[in-house]
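Visitor: Protein chains in written order, with our numbering: chain C, 233 to 528; chain E, -3 to 277.
Don't be surprised by glycine CBs; every beta carbon is placed ideally from N, CA and C.
Small disclaimer: the values here were computed from a predicted structure and weren't measured.
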């Protein structure tokens, strides 16, 4: 593991390396920006946090998996959640779009405000919520029975949104930096793509329903370094329009992609702060030990 | 004997033993095929598939009405059994972890163990007695009762094989649960379920006992569900117990036709499930 002083330079190097690895960049950032979903809050409110988590507790049966988590995620930024296995970071992520409810016996208490609206309230339909808070999973999980094109529009088709989706296909695939690689095979099975391409396809699929927040649960852990670099570039670009929360085991990755880092340990949020500070000069000794690789 | 030699001996012994088992299992199958083909092939002709049975003493005639009747019966049975069986299977896989699920599973298991003749009596009591008439409907109901439990269980198996990650992917897109079950889970499991359906249909097509006193038999063409209907299996039964040499031959030939029909369905099921495997890889 690297020392804290080295982190900044390492992440710069990694940025330079990425350029080499991914070769000549085929896709530039999507210039005709899609209607940014956040705009509706107005400029004065953009200073408000996109997500405000206060006193969030989560249980699996009788096991307390998250203890009193408090944090804020500013809009159009990347928050990385790090910590050893079983520390509750994935549970935290799942609470954010109530995917935890799919696990029998799991429940969450506390306040989870998305633009001031409590997500854990009974009045909020998790189905509607999940269209606002999208999710990308650890392993690429495209629908095997569908073509590349149908995978992208799956969220719209399955929700019976009618109309011409071809523009959405092109736009989201470009956003996901996949368009050039798949534009000639849109009607082939999504399973013919490589793992990294499948993962970017899953990101495009999540973007097609135009979420406001994108949750990523270790999106690169099943990918090779080149595909990882592409997904990380992508996160940098998506930040312009979306609020992203990413769980990762890879601390260099957290350092590279995130603006803020939250360190979880045994169900507790130990510390949260700007990524640079977290990796160079954290307040808590425990955080320092973890990011320098003394344990974990 | 060194341990390596011993291991080789054990390996050889079990290879030989399992090989013998395979051969022994194949003997009845091969002899069955050989008997049916050797006795039945001579009577095969185009008119055997298309014409009505000839009266005793007349040569010629066929089992055309039996083929049509079997298809009619299986069609009625499928119309009743497929929605119920597949629906129950999806329920068991998606929601069947509680008490209701294990109760349904238990009932399905008991039902699949009920002898087919008993199912026939039930259909007789439910339909024939009330309508005061033997009918294709009664026969179809009996076959449907036999199909439902196996369909439900195999549908459950195939639906459970669909990775949880796909369910999560769909739900995370904000797709309601019922749409996810229908459009993602069921569609992904479709190949397996079609296989299960075809196997259940093939099994139903081969049933005789529950048809003897439900759909009875018919010497003529019939497409009306409220009328007694001929079926291949009952025709085979009637021909086989008759005292006439010619009818015995016809029983063999009709058996061959039934075997071809069922074999065709099995082949179709194989092909479809193979395609599905390729799709899922």
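Excluding sequence positions up to five away, which residues of its chain have a Cβ less than 8 Å from the Cβ of residue 519(C)?
Guide: 495, 502, 503 and 510
Visitor: Consult DSSP for residue 357(C) and reduce its assignment to one of helix, strand or coil.
Guide: coil
Visitor: Quick check on DSSP: helix, strand or coil for residue 145(E)?
Guide: helix
Visitor: Just to confirm, is the Cβ distance from residue 158(E) to residue 176(E) under 8 Å?
Guide: no
Visitor: If I measure Cβ to Cβ from residue 74(E) and keep anything under 7 Å in the same chain, skipping five residues before and after, which residues do I get?
Guide: Taken in chain order, the residues that qualify are 197.
Visitor: Looking at chain E, is there any beta carbon in it that lies within less than 8 Å of the beta carbon of residue 437(C)?
Guide: yes
Visitor: Just to confirm before moving on: does the CB-CB distance between residue 490(C) and residue 478(C) stay below 8 Å?
Guide: For residue 490(C) and residue 478(C), yes; Cβs fall inside 8 Å.
Visitor: For residue 265(E) and residue 523(C), I'd like the C-alpha separation in whole angstroms.
Guide: 56 Å
Visitor: Measure the CB-CB distance between residue 447(C) and residue 315(C) and report whether it falls below 8 Å.
Guide: Pairing residue 447(C) with residue 315(C) gives a Cβ-Cβ distance that is not under 8 Å.
Visitor: Between residue 283(C) and residue 298(C), how many whole angstroms is the CB-CB distance? I'm expecting something under 8 Å.
Guide: Cβ atoms of residue 283(C) and residue 298(C) stay farther apart than 8 Å, at about 15 Å.
Visitor: Residue range of the alpha helix (DSSP H) that residue 162(E) falls in?
Guide: 160 to 168
Visitor: Where in the stretch 431 to 490 of chain C do unbroken runs of the beta strand (DSSP E), each at least 3 residues long, occur, reported from the N-terminal end onward?
Guide: 445 to 449 and 475 to 479
Visitor: Can a CB atom of chain E be found closer than 8 Å to the CB of residue 254(C)?
Guide: Because residue 254(C) carries a pLDDT of 43, less than 50, the predicted location of this residue cannot be relied on, and no value is offered for it.
Visitor: Residue 84(E): which of 123(E), 31(E), 260(E) and 143(E) sits nearest, CA to CA?
Guide: Residue nearest to residue 84(E) within the set 123(E), 31(E), 260(E) and 143(E) is 143(E) (criterion: CA-CA distance).
Visitor: Ignoring anything shorter than 4 residues, give me the alpha helix (DSSP H) runs that lie fully in the stretch 282 to 350 of chain C, in order along the chain.
Guide: Listed in chain order, they are 321 to 328.
Visitor: Taking 8 Å as the CB-CB cut-off, is residue 184(E) touching chain C?
Guide: Using a Cβ-Cβ cut-off of 8 Å, residue 184(E) counts as an interface residue toward chain C, since at least one Cβ of chain C sits closer than that to its own.
Visitor: Residues of chain E with a CB under 7 Å from the CB of residue 339(C): which are they?
Guide: Neighbours of residue 339(C) on chain E: none; closest Cβ ~17 Å, over 7 Å.
Visitor: So the candidates are 346(C), 345(C), 302(C) and 329(C); which of them puts its Cα closest to the Cα of residue 339(C)?
Guide: Minimum Cα distance to residue 339(C) is reached at 329(C).
Visitor: What does the alpha-carbon distance come out to for the pair residue 525(C) and residue 8(E)?
Guide: 54 Å
Visitor: Which stretch, first to last residue, makes up the alpha helix (DSSP H) that contains residue 9(E)?
Guide: -1 to 36
Visitor: Note down, in chain order, each residue of its chain lying with its Cβ closer than 8 Å to the Cβ of residue 464(C), except the 5 sequence neighbours on either side.
Guide: 250, 452, 485, 488 and 489
Visitor: Would you mind telling me which residues of chain C sit closer than 9 Å to residue 250(E), beta carbon to beta carbon, in chain order?
Guide: None at all; the shortest Cβ gap to chain C is about 40 Å.
Visitor: Answer yes if the stretch 144 to 151 of chain E comes into contact with the stretch 366 to 384 of chain C, meaning at least three C-beta pairs across the two stretches below 8 Å, and no otherwise.
Guide: No: the two stretches stay apart, fewer than three of their Cβ pairs being nearer than 8 Å.
Visitor: Within 7 Å: the Cβ of residue 79(E) and any heavy atom of the ligand ZN?
Guide: This structure does not include the ligand ZN; it has no bound ligands of any sort.
Visitor: Give a yes or no on whether the minimum CB-CB distance between residue 270(E) and chain C is below 8 Å.
Guide: no
Visitor: Between which residues of its own chain and residue 258(E) is the CB-CB distance below 8 Å, once the five residues before and five after are set aside?
Guide: 198, 201 and 202
Visitor: Under a Cβ-count criterion, where at least 16 other Cβ atoms within 10 Å of its own Cβ denotes burial, should residue -2(E) be classed as buried or exposed?
Guide: exposed
Visitor: Following the continuous beta strand (DSSP E) through residue 505(C), name the residue where it begins and the one where it ends.
Guide: 500 to 506
Visitor: Between the Cα of residue 29(E) and those of 248(E), 261(E) and 263(E), spot the shortest distance and give me the residue it belongs to.
Guide: 248(E)
Visitor: The beta strand (DSSP E) that contains residue 378(C), what's its start and end?
Guide: Counting along the chain, residue 378(C) falls outside any beta strand (DSSP E), and DSSP gives it neither H nor E.
Visitor: Would residue 135(E) and residue 210(E) qualify as a contact pair, given that the criterion is a beta-carbon distance under 8 Å?
Guide: yes
Visitor: Could you please give the first and the last residue of the uninterrupted beta strand (DSSP E) stretch that includes residue 368(C)?
Guide: 365 to 368
Visitor: For residue 371(C), which residues in chain E fall below 8 Å Cβ to Cβ?
Guide: Those are 161, listed as they occur along chain E.
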